[in-house]
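Taking it in order: structure first as structure tokens, then the write-up.
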Amino acid sequence: MKLKVLTVLFAACIIFLLNVQDGYSLTQDDGEKTSMNFVKVNLTSLLIKNYSVQYERVLSKDFSAGISFRVMPETGLPYKNLIFNIADITEPDEKEIIENLSITNYAITPELRYYPGKKKYGKGFYLSLFYRYGSYNAKNIKYETVNDEDEDLTIILSADVKSHTGGLMIGNQWALGKNLCLDFWIFGPHFGVSSGNVSGTSSQAMTLEDQQNIKDEMNENLGEADIPMFKYNISTTSNDVKLDFDGPWGGLRFGLTFGVRF
């Protein structure tokens with residue numbers, strides 16, 4: 405709940421800052437008018453079926469505030485063959501899991517930028533302090549095992565994850581002529597927390613022994629993963645399996661955006 409309150413306050417502060425200055429341009433030290441507003445599209449995210457738009461507003465000579473929205477509509481996993489090669493996935497059942505996987509996500513990222521260079525006013529090298537809220541969903545995750553009578557048992561799982569992260573990013577923004585801009589997100593690591601669940605329904609009713617076997621298998625797999633600060637709980641019924649978890653989360657902002665300024 406505290407994270408949600410902080411998010412609202414952060415967004416409210418940015419909205420306030422965006423509205424404290426009137427007009428569409430600022431006057432630089434040399435008397436020349438400069439654009440205050442930047443609307444950009446992330447070109448590199450299109451390669452992985454993500455659609456990302458950013459709005460940035462110049463607040464002063466040194467600072468700007470912005471907010472980005474990214475969405476991936478429900479789709480299959482991009483670059484499956486590359487994943488097969490890198491992860492050395494050759495088993496047909498493992499390939500089937502990747503082939504059938506369906507994913508979707510969205511993220512909202514407010515940020516505050518500082519331009520320390522000579523160009524100023526939203527141009528040149530910058531440092532960015534940002535927060536990101538992310539929501540991720542995966543479907544059609546096939547989990548296969550056997551029941552207490554040595555018969556095949558299939559559970560189709562879905563996963564839902566929410567994350568809160570913060571980070572620092574370095575980048576550089578160029579003005580292209582009077583009305584265009586190019587923004588290079590060079591390096592932006594971010595870290596934080598996540599919570600979510602993985603749940604599914606069995607293809608047939610499970611006995612108490614079946615349920616315990618599934619718990620044991622999941623505990624073994626999660627134990628081998630050895631994720632620091634990862635907490636989870638597995639619950640089962642005769643038809644359903646659910647894994648609730650809390651743990652760390654992280655990511656990296658990198659990209660090339662192109663847009664207009666006015």
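All you need for our numbering is the position in the sequence shown, starting with 1, plus 404.
By construction, the Cβ of each residue, glycine as well, lies at the ideal position given by its N, Cα and C atoms.
Owing to the predicted nature of the structure, the values given are computational and were not obtained by experimental measurement.
If you compare alpha carbons, which of the options is closest to residue i?
i	options	result
Met-633	Lys-524, Ser-598, Arg-665, Ile-487	Ser-598
Gly-528	Leu-656, Lys-465, Thr-448	Lys-465
Ser-642	Lys-522, Gln-608, Tyr-459, Ile-631	Gln-608
Asn-441	Tyr-525, Trp-653, Gly-600, Asn-637	Tyr-525
Gly-575	Tyr-540, Phe-658, Glu-628	Phe-658
Ile-507	Ile-452, Phe-473, Lys-522, Leu-557	Ile-452
Leu-572	Phe-473, His-594, Glu-503	His-594
Ile-501	Asn-489, Gly-581, Tyr-547, Ile-512	Tyr-547
Ile-471	Leu-533, Ser-639, Tyr-483	Leu-533
Leu-647	Glu-628, Lys-543, Lys-582, Asn-623	Asn-623
Leu-667	Lys-437, Ile-512, Phe-467, Pro-477	Limits of the chain in this structure are 405 at one end and 666 at the other, which puts residue 667 out of reach.
Thr-521	Gln-577, Asp-556, Ile-618	In the sequence on display, residue 521 carries Gly and not Thr. Of Gln-577, Asp-556, Ile-618, the residue nearest in Cα terms is Gln-577.
Asn-541	Ile-618, Gln-616, Val-443, Val-602	Val-602
Gly-592	Tyr-535, Asp-556, Thr-640, Ile-618	Tyr-535
Leu-557	Ile-618, Asn-583, Gly-581, Ile-512	Ile-618
Ser-606	Thr-640, Val-443, Ile-512, Ala-491	Thr-640
Ile-512	Gly-581, Ser-539, Asp-587	Ser-539
Report yes if the C-beta distance between residue i and residue j is below 8 angstroms; otherwise report no.
i	j	result
Asp-554	Asp-614	no
Ser-562	Ile-590	no
Val-445	Gly-663	yes
Leu-531	Leu-505	no
Gly-596	Trp-653	yes
Leu-447	Leu-660	yes
Val-457	Tyr-510	no
Lys-484	Glu-503	yes
Thr-549	Glu-628	no
To which residues of the same chain is residue i closer than 6 angstroms at the C-beta, ignoring the five residues directly before and after it?
i	result
Gly-604	Ile-559, Ile-560, Leu-561, Val-645
Ala-579	Lys-527, Cys-585
Asn-637	Asp-648
Met-610	Ser-642
Gly-427	Because Gly-427 sits at a pLDDT of 47, beneath the cut-off of 50, its placement in the model cannot be relied upon, and the point is left open.
Tyr-455	Val-475
Val-443	Tyr-459, Gly-663, Val-664
Phe-588	Gly-575, Asn-576, Leu-660
Output needed for residue i: all residues of its chain with C-beta closer than 7 angstroms, excluding positions within five of it in sequence on either side, in chain order.
i	result
Gly-600	Ala-563, Asp-564, Val-565, Lys-566, Phe-649
His-568	Leu-407, Tyr-537, Gly-596, Val-597
Lys-543	Ser-506, Ser-562
Leu-612	none
Among the residues of its own chain, which have a CB less than 8 angstroms from the CB of residue i, if the five just before and after it don't count?
i	result
Glu-498	none
Thr-479	Lys-453, Ser-506, Ile-507, Thr-508
Lys-635	Phe-649, Asp-650, Gly-651
Phe-467	Leu-516, Arg-517, Tyr-518, Tyr-519
Thr-494	Phe-488
Looking at the strands, I want to know which residues DSSP matches up with residue i.
i	result
Gly-394	As shown, the chain starts at 405 and ends at 666. That puts residue 394 outside it, with no answer to give.
Glu-460	Phe-442, Gly-470
Ile-452	Answer is none; Ile-452 lacks a bridge partner.
Lys-646	Ser-603, Ser-639
Ile-379	Within the shown structure, residues of the chain are numbered from 405 to 666, placing residue 379 beyond reach of any answer.
Phe-662	Val-445, Leu-586
Pro-652	Val-597
(message) Which runs of the alpha helix (DSSP H) at least 4 residues long sit entirely within the segment 598 to 637? Give them in chain order.
(response) 612 to 629
Uninterrupted alpha helix (DSSP H) stretches inside the segment 484 to 570 (no shorter than 4 residues)
484 to 490, 496 to 504
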